[in-house]
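Take a look at the structure set out below.
So, in structure tokens, the structure goes:
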């Protein structure tokens, strides 16, 4: 199939034109500038009208189909004029303008706490955030090897009265994580030892 691209070019040239001028003038040669507008049509051969990929030579990068308007229609995971860009995972927004009452943590790219690499389709998370979509907090120092890294939902379940957890349906229940230290350790990252202190007698 041939693709035609119209390119309008404005050229300025000088043409030497003989002019026969009537009296009292004599015949002279004068240079007359002429402006010429031309439309040049550039043609190139292609196997298909849709764009080939930036990172490979496949139509729509192999991640879409060519529609009747010679445009790529990408699959759900890719986008761009040639479908070469990969979408990053979505997660509940840590920070975003509210769309309505109680609707402020809608899914966004990298949870608004990372940068998307569109070639790889992977998030590079801000410091302190982890997960494929940067959707959860990282436990400090991996709890120093002396505790478990648990979500608020999991932590609340361990201290719940009865069978119902205390922190289950809130938006950050499975996004904010903290350390539950083993016996004998304490501090936010379980880095400190707990010693039995003798009671002071006055």
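Numbering (my numbering), first residue to last: 3 to 204.
Here a beta-carbon is modelled for each residue, glycine too, at the ideal position from N, C-alpha and C.
Open item on the list: Please identify the residue among 155, 139 and 96 whose C-alpha is closest to the C-alpha of residue 172.
Closed with: 155
- [ ] Return the chain-ordered list of same chain residues with a C-beta closer than 6 Å to the C-beta of residue 192, the five sequence neighbours on each side being excluded.
- [x] 145, 146, 148, 149, 181 and 183
Open item on the list: Just to confirm the assignment, what range does the beta strand (DSSP E) spanning residue 111 have?
Closed with: 109 to 111
Open item on the list: So, under 8 Å CB-CB, residue 83 and residue 74 are touching, yes? Tell me the CB distance rounded to an integer number of Å.
Closed with: 6 Å
Task: Helix, strand or coil at residue 156 according to DSSP, with G and I counted as helix - done: helix
Task: Residue interval of the beta strand (DSSP E) (run including residue 64) - done: Neither: residue 64 is in no beta strand (DSSP E) and is coded neither H nor E.
Open item on the list: Using 8 Å for Cβ pairs, my map puts residue 135 next to residue 153. What's the rounded Cβ distance?
Closed with: Wrong, their Cβ atoms sit about 15 Å apart, outside the cutoff.
Task: First through last residue of the beta strand (DSSP E) which encompasses residue 263 - done: Not covered by the structure: residue 263. The range shown for the chain is 3 to 204.
Open item on the list: Please report the distance separating the alpha-carbon of residue 70 from that of residue 54.
Closed with: 16 Å
Task: residue 118 in three-state terms, based on DSSP - done: strand
TODO: Would you decide whether residue 94 is buried or exposed? Buried here means 16 or more other CB atoms lie within 10 Å of its CB.
DONE: buried
Open item on the list: I need the DSSP call for residue 104, collapsed to helix, strand or coil.
Closed with: coil
Task: Member of 142, 79 and 105 whose CA lies at the smallest distance from the CA of residue 111 - done: 79
Task: Closest by C-alpha distance to residue 57, when choosing among 101, 122 and 157 - done: 122
Open item on the list: DSSP three-state label for residue 99, please.
Closed with: coil
TODO: Taking all protein chains shown into account, decide if residue 67 is buried (16 or more other Cβ within 10 angstroms of its Cβ) or exposed.
DONE: exposed
Open item on the list: Within 10 Å of its beta-carbon, does residue 195 have 16 or more other beta-carbons around it, so buried, or fewer, so exposed?
Closed with: exposed
Task: Straight-line Cα distance separating residue 190 from residue 85 - done: 45 Å
Open item on the list: With H, G and I counted as helix, E and B as strand and the rest as coil, what does DSSP make of residue 190?
Closed with: coil
Task: Beta-carbon contacts of residue 77 that lie in its chain and below 8 Å, excluding the five residues immediately before and after - done: 65, 66 and 85
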